[in-house]
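Chemist:
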Amino acid sequence: MSAADPHADQPILTGGTEPDDAEAVVVLVHGRGATARGMLEFADEFHGDGVHYVAPQAQRGTWYPNSFMAPTESNQPHYQSALLHLNRAVEQARETTGLDDEKIIFVGFSQGACLVSSYVAQHPSHYGGVVLLSGGFVGPEGAAFDFEGSMAGTPVFLGVSDDDPHVPQSRAEETIATFDRMDADTRFDLYEGRGHGIFPEEIEYLRTLVASVLP
Numbered sequence: 149m150s151a152a153d154p155h156a157d158q159p160i161l162t163g164g165t166e167p168d169d170a171e172a173v174v175v176l177v178h179g180r181g182a183t184a185r186g187m188l189e190f191a192d193e194f195h196g197d198g199v200h201y202v203a204p205q206a207q208r209g210t211w212y213p214n215s216f217m218a219p220t221e222s223n224q225p226h227y228q229s230a231l232l233h234l235n236r237a238v239e240q241a242r243e244t245t246g247l248d249d250e251k252i253i254f255v256g257f258s259q260g261a262c263l264v265s266s267y268v269a270q271h272p273s274h275y276g277g278v279v280l281l282s283g284g285f286v287g288p289e290g291a292a293f294d295f296e297g298s299m300a301g302t303p304v305f306l307g308v309s310d311d312d313p314h315v316p317q318s319r320a321e322e323t324i325a326t327f328d329r330m331d332a333d334t335r336f337d338l339y340e341g342r343g344h345g346i347f348p349e350e351i352e353y354l355r356t357l358v359a360s361v362l363p
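Right under this line is the structure:
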């Protein structure tokens, strides 16, 4: 483990269809205190034949130590290391499957959704989809999210409850509005009184999205 890159020696787990036979990729990013293995198990809820799964693991199950809305410096070097590790997972998926970005779907929950949202905004492309389950852009209140580039019609879904104790509704709205401005095909689901979790409507959306990128 490098002090500057604490996630560097963490594994990247895979599952589903073998890379050589894959027709789509789903990159799965776990939340705080969770595991890549748990995300691979979650994928059983929306699995489609022909999907290869890639799930990076965070050091000690945590991508960065403080709230995603804390001053960015307080989450370094872990936050930057998390972006690097997620990028390693994406590059591994590209190299082993040979698939284009249009066949790559990102799914993140909680801290993982925050990481995914910031990663794809910094690496805009026409992806198969981006699914943010209870998360939003990493950065303190008042941060300017003026990312450059186009998502080129990528489906971007964000679901959150109005009483989520970790993700303010305002940050979720700010995140989806930014993706809208970046030419994504956005959907924002705001649930009432459900707290912090993954909800049936989101799993149904995932099933439909995954099916849409398969032949």
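Sequential numbering of the sequence shown, starting at 149, is according to the numbering used here. The beta carbon of each residue, even a glycine, is placed where N, CA and C say it ideally should be.
Since I believe H344 is in contact with S265 (beta carbons under 8 Å), could you give me their beta-carbon distance rounded to a whole number of angstroms?
Modeler: The Cβ separation is near 16 Å, so there is no contact.
Chemist: Please specify which runs of the alpha helix (DSSP H), each continuous and at least 4 residues long, are wholly inside the stretch 314–363, giving them in chain order.
Modeler: The stretch 314–363 contains these whole alpha helix (DSSP H) runs: 317–329 and 348–361.
Chemist: What number of angstroms, rounded off, separates the C-alpha of V173 from the C-alpha of P313?
Modeler: Their backbone Cα atoms lie some 31 Å apart in a straight line.
Chemist: In three-state terms, what does DSSP make of A152?
Modeler: Of the three classes helix, strand and coil, the one that applies to A152 here is coil, per DSSP.
Chemist: Between which two residues does the alpha helix (DSSP H) carrying V238 extend?
Modeler: Element bounds for V238: H226 to T245.
Chemist: Quick one: give me the first and last residue of the alpha helix (DSSP H) that Y267 is part of.
Modeler: Q259 to Q270 is the span of the alpha helix (DSSP H), which, as asked, contains Y267.
Chemist: Within 10 angstroms of its Cβ, does L362 collect 16 or more other Cβ (buried), or is it exposed?
Modeler: So L362 counts as exposed.
Chemist: Identify which residue in A182, H233 and Q228 has its Cα closest to the Cα of D157.
Modeler: Here the closest residue by C-alpha is H233.
Chemist: Among residues of its own chain, excluding the 5 on either side of R342, which ones have a beta-carbon nearer than 7 Å to its beta-carbon?
Modeler: So the list reads S309, once near-sequence residues are dropped.
Chemist: Pull up the DSSP beta-bridge partners for G163, would you.
Modeler: DSSP output for G163 lists Y201 as bridge partner(s).
Chemist: Taking P303 as the reference, give the member of Y212, G181 and H274 with the closest Cα.
Modeler: Comparing Cα-Cα distances from P303 to each of Y212, G181 and H274, the minimum goes to H274.
Chemist: Let me know the secondary structure DSSP gives A218 once reduced to three states.
Modeler: A218 falls in the coil class under three-state DSSP.
Chemist: Leaving out five residues on either side along the sequence, give the residues of the same chain with a beta carbon under 7 Å from the beta carbon of T183.
Modeler: Hits under 7 Å: Q205 and G209.
Chemist: With a threshold of 7 Å on Cβ separation, who are the neighbours of T245 within its own chain once the five nearest residues in sequence on each side are excluded?
Modeler: Counting only Cβ-Cβ distances below 7 Å, and skipping sequence neighbours, we find P167, A170, V173 and H200.
Chemist: Just to check my reading of the structure: V315 and G284 have Cβ atoms closer than 8 Å, yes? What is that Cβ distance to the nearest angstrom?
Modeler: So it is a contact: roughly 6 Å between Cβ atoms.
Chemist: Under 8 Å by Cβ, that's how I've got F305 and V279 pegged, so tell me the actual separation to the nearest angstrom.
Modeler: 5 Å between Cβ atoms; contact.
Chemist: What residue from V177, M299 and A151 has the CA that sits closest to F257's CA?
Modeler: Of the candidates V177, M299 and A151, the one whose C-alpha sits nearest the C-alpha of F257 is V177.
Chemist: Are there 16 or more other CB atoms within 10 angstroms of the CB of A230, so buried, or fewer, so exposed?
Modeler: The residue is buried, with at least 16 neighbouring Cβ atoms inside 10 Å.
Chemist: Identify every residue that forms a DSSP beta bridge with P303.
Modeler: The partner list for P303 (beta bridge, DSSP) reads D333.
Chemist: Looking at A241 and M330, is the spacing between their C-beta atoms short of 9 Å?
Modeler: Taking 9 Å as the Cβ cut-off, M330 and A241 do not qualify as a contacting pair.
Chemist: Per the contact definition of three or more C-beta pairs closer than 8 Å, is the stretch 184–200 in contact with the stretch 211–229?
Modeler: No: fewer than three Cβ pairs fall under 8 Å.
Chemist: For F190, which of helix, strand or coil comes out of DSSP?
Modeler: Residue state, collapsed to three classes: helix.
Chemist: What does a CB cutoff of less than 6 Å around T260 pick up in its chain, not counting 5 residues either side in sequence?
Modeler: Looking at the sequence provided, one finds Gly at residue 260 rather than Thr. For G260, where only same-chain residues beyond five positions count, the Cβ hits under 6 Å are V177, H178 and G179.
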